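Read through the structure below, which is laid out as structure tokens, and then see the notes.
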Amino acid sequence: MTVLTIARSTFREAARDRVLYSPAVFAVLMTGAAILVGQVSIGIERQVVINLGLAAVTFFGVIVAILVGTGLVAKEIQKRTLYTVLSRPVERWQFVAGKFVGLAGTLAINGGLMGLGLLAALRYVSPGFSGADAWVLVAVYFILLQLLMVCGLALLFSTFSSPLLAGVFSFALFVLGNFAQELRDVAQSGAGWVHRLMVGATYLMPNFSAFNVAAGVAHGESIASLLILHNSIYAVTYTGMVLCAAVLAFEWRELQ
Amino acid sequence: MPVIEILGLEKTYATGLFRKQRKHALHAFTLEVYEGEVFGFLGPNGAGKTTTIKLLMGLVFPSAGSARILGLSIGDPRVHAYLGFLPEQPYFYDHLTARELLEYYAQLSGMEAKGRARRICEVLQRVGLDGSAETALRKFSKGMLQRVGLAQAILHNPRVLFLDEPMSGLDPLGRRELRLLIEELKAEGKTVFFSTHLLADAEALCDRVAVLHAGRLRGVGAVCDLIGDAGRVELVWRGRNPVAMRPLLLETHISGELVRGVVPEAAQEEAMKILRCASLPLVSLTPVRTSLEEYYLRQTQSEAPPQEVRA
Ligand SMILES: Nc1ncnc2c1ncn2[C@@H]1O[C@H](COP(=O)(O)OP(=O)(O)OP(=O)(O)O)[C@@H](O)[C@H]1O
Ligand SMILES: [Mg+2]
Numbered sequence: 641m642t643v644l645t646i647a648r649s650t651f652r653e654a655a656r657d658r659v660l661y662s663p664a665v666f667a668v669l670m671t672g673a674a675i676l677v678g679q680v681s682i683g684i685e686r687q688v689v690i691n692l693g694l695a696a697v698t699f700f701g702v703i704v705a706i707l708v709g710t711g712l713v714a715k716e717i718q719k720r721t722l723y724t725v726l727s728r729p730v731e732r733w734q735f736v737a738g739k740f741v742g743l744a745g746t747l748a749i750n751g752g753l754m755g756l757g758l759l760a761a762l763r764y765v766s767p768g769f770s771g772a773d774a775w776v777l778v779a780v781y782f783i784l785l786q787l788l789m790v791c792g793l794a795l796l797f798s799t800f801s802s803p804l805l806a807g808v809f810s811f812a813l814f815v816l817g818n819f820a821q822e823l824r825d826v827a828q829s830g831a832g833w834v835h836r837l838m839v840g841a842t843y844l845m846p847n848f849s850a851f852n853v854a855a856g857v858a859h860g861e862s863i864a865s866l867l868i869l870h871n872s873i874y875a876v877t878y879t880g881m882v883l884c885a886a887v888l889a890f891e892w893r894e895l896q
Numbered sequence: 015m016p017v018i019e020i021l022g023l024e025k026t027y028a029t030g031l032f033r034k035q036r037k038h039a040l041h042a043f044t045l046e047v048y049e050g051e052v053f054g055f056l057g058p059n060g061a062g063k064t065t066t067i068k069l070l071m072g073l074v075f076p077s078a079g080s081a082r083i084l085g086l087s088i089g090d091p092r093v094h095a096y097l098g099f100l101p102e103q104p105y106f107y108d109h110l111t112a113r114e115l116l117e118y119y120a121q122l123s124g125m126e127a128k129g130r131a132r133r134i135c136e137v138l139q140r141v142g143l144d145g146s147a148e149t150a151l152r153k154f155s156k157g158m159l160q161r162v163g164l165a166q167a168i169l170h171n172p173r174v175l176f177l178d179e180p181m182s183g184l185d186p187l188g189r190r191e192l193r194l195l196i197e198e199l200k201a202e203g204k205t206v207f208f209s210t211h212l213l214a215d216a217e218a219l220c221d222r223v224a225v226l227h228a229g230r231l232r233g234v235g236a237v238c239d240l241i242g243d244a245g246r247v248e249l250v251w252r253g254r255n256p257v258a259m260r261p262l263l264l265e266t267h268i269s270g271e272l273v274r275g276v277v278p279e280a281a282q283e284e285a286m287k288i289l290r291c292a293s294l295p296l297v298s299l300t301p302v303r304t305s306l307e308e309y310y311l312r313q314t315q316s317e318a319p320p321q322e323v324r325a
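First to last, the sequence lines map onto chains A and B. Just so we're aligned, residue 641 is where the first sequence starts under our numbering, counting upward by one. Just so we're aligned, residue 15 is where the second sequence starts under our numbering, counting upward by one.
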């Protein structure tokens, strides 16, 4: 109950922050790009729109996840709005959980709207429904899962550092997450404790390598249902662990 | 049973770049506040008043010692259902209106949906904000925010109130209304613990006060004991100041033909005799009472060891 109350208020704050209007910007951008592409290229419109669209969903999504994730929590600590919340019968884990649910909801709606915008643009360049459109939606779902992890990380960092630092850290981890597999391969190629430590570190950072399906989807390839299951489980587990860490860090945090 | 029990509570902040330096914000002290009391927490800037209140609210954690509120340890989340808290310089979600903010807090406090809207109107009226209920807090002035802070503190009808400098930012009328509010809360049997720099308000409102200085508790006592008889009398007479009088006077003040002099109580008879002999007409004679201010200044300025502390 308390968690839902906090989640709802978090969502309302994000909405009033006009963060949710970024999909509108996205829609305008996509439509413009689709029209432009439709005029200059023959045959590869679909590929271009899908690649461009998924990149844009990721870009806007990460910005929203980090801005909202760090902004709302670290800002509450910095501006001391938390004093009058935590002096009520609200436990600290409930606050973190409520914030996360509210943020996740914001991201899901945001991402969902952008996904629809992308479909609309696709419809414009290649009239008629294609079965491959479903895979585009799955690709958007994978992006959402990544955003969830980034959002959890942003929350974790914002429990112990300033909004700016938390934003920088989460963005750095998002970038690293995209190279996690390569980093791990490099680390595993050597021996000795330095390499073992590096391997350990790559398991701590999120691994997004299985989440980037844009290239395949653009070529009309399908996505294995096992991959969907694998990615869902991975994202939920990772986010859950990050949230536990955030709760622990927040329990210890002094609100000065 | 005391409502607030502070047992050797102590707070040290780690400061500096590497958190190596220690800052003793609060030295171990013990204090009890009883049910239905209005308790004033006094002390100069940086004395540790806010630190104490934040410790009691569970916002920062004690370095040593413990405290109980209503018999529950301050780490126990159940205790928060019975507390109201007004922070120093309160700041709230500024995208909300006053009514939305209170609605949110009412939900967090676990108030039932049924009476919520009515109760919110009631407290908004009580702090004089009923005209600005639908204004975004972003557009509130400092004193208005302070009033919102008071509203959220009393919203859920808590048994114990912690108010950190509740008078700050309020206009004269607001201060008067706040004094009335605190008196009403007392009449309802609530316990009010508040920090303040306004000694006149503390003197008028509090049953007991504590004086804190540089993180140490300097004294605790009932206001009526602290501001008792000073053992001096003030005489006012017309005319001049006779030479025979001078050795007796502790203070003199001459304005026009009125002379005001303070003498020890023991010298009262002798002083009156001198005036009679010089045939100077006496205008008034009043025993001097120590004000809370004098007590406060004594406790916070002397470098003498703190007086025996009793709860
Ligand atoms: N986060 C912190 N880190 C380090 N020192 C702190 C911190 N917060 C407070 N202090 C120190 O603790 C001491 C007590 O501060 P506190 O805020 O409790 O004073 P106060 O009595 O409320 O003063 P005021 O009347 O100005 O509000 C001060 O010396 C202050 O410098
Ligand atoms: Mg203070």
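Idealized CB from N, CA, C, for every residue including glycine. Nothing here was measured: the structure is a model prediction, and the numbers come from that model.
In the three-state DSSP reduction, V677 of chain A falls in the helix class (H, G or I). Here F735 of chain A carries a helix assignment [DSSP, helix/strand/coil]. Not a single C-beta of chain B is nearer than 9 angstroms to the C-beta of S872 of chain A.
A heavy atom of ligand 2 is found nearer than 8 angstroms to the CB of K63 of chain B. At a cut-off of 9 angstroms between C-beta atoms, G30 of chain B does not count as an interface residue with respect to chain A. Taking the CA atoms as reference points, F700 of chain A sits about 20 angstroms from T879 of chain A. By the Cβ rule, the region 167 to 177 of chain B counts as touching the region 202 to 222 of chain B, because three or more pairs are nearer than 8 angstroms. For S123 of chain B, the chain A residues whose C-beta falls within less than 7 angstroms of its own C-beta are R728 and P729, listed in chain order.
Nearest Cα to G72 of chain B within the set B:Y118, B:C135 and B:L23: B:L23.
At a threshold of 8 angstroms, T29 of chain B counts as near ligand 1, since its beta carbon sits closer than that to one of the ligand's heavy atoms.
With contacts defined by Cβ atoms closer than 9 angstroms, L795 of chain A and V736 of chain A form a contacting pair.
With distances taken between CA atoms, E136 of chain B lies nearest to B:A120 out of B:A120, B:A150, B:G124 and B:A201. With a cut-off of 8 angstroms on Cβ pairs, the region 774 to 786 of chain A is not in contact with the region 714 to 733 of chain A, counting fewer than three such pairs. Residues of the same chain with a CB within less than 6 angstroms of the CB of S209 of chain B, apart from the 5 flanking positions on each side, are F55, K63, D178 and E179 in chain order. For Q896 of chain A, the chain B residues whose C-beta falls within less than 9 angstroms of its own C-beta are Y27, K68, L73 and V74, listed in chain order. It is roughly 7 angstroms from the alpha-carbon of T314 of chain B to the alpha-carbon of G57 of chain B. From the beta-carbon of L97 of chain B, the residues of chain A found nearer than 7 angstroms are S727. Residue contact check for R92 of chain B against chain A: a CB pair falls below 9 angstroms.
Among the residues facing chain A, Y310 of chain B is not included, as its CB has no counterpart in that chain under 9 angstroms away.
A direct Cα-Cα distance of roughly 41 angstroms separates T65 of chain B from A748 of chain A. Relative to the non-hydrogen atoms of ligand 2, the Cβ of D178 of chain B comes within a distance shorter than 8 angstroms of at least one. Interface with chain A (9 angstroms Cβ-Cβ cutoff): H38 of chain B is excluded.
Contact note: H109 of chain B reaches chain A through R652, E653, R656 and D657, using a C-beta cutoff of 9 angstroms and chain order.
Looking at B:E19, B:L45, B:R36 and B:Q35, the one whose alpha-carbon comes closest to that of L231 of chain B is B:L45.
Among the residues of the region 163 to 182 of chain B, those with a Cβ less than 9 angstroms away from any Cβ of chain A are G163, Q166, A167, H170 and F176, in the order of the chain.
The residue among A:V708, A:A864 and A:T721 with its C-alpha nearest the C-alpha of F797 of chain A is A:V708.
Considering only beta carbons, no part of the region 761 to 794 of chain A lies closer than 9 angstroms to chain B.
Under the Cβ criterion of 9 angstroms, Y48 of chain B is not counted among the residues facing chain A.
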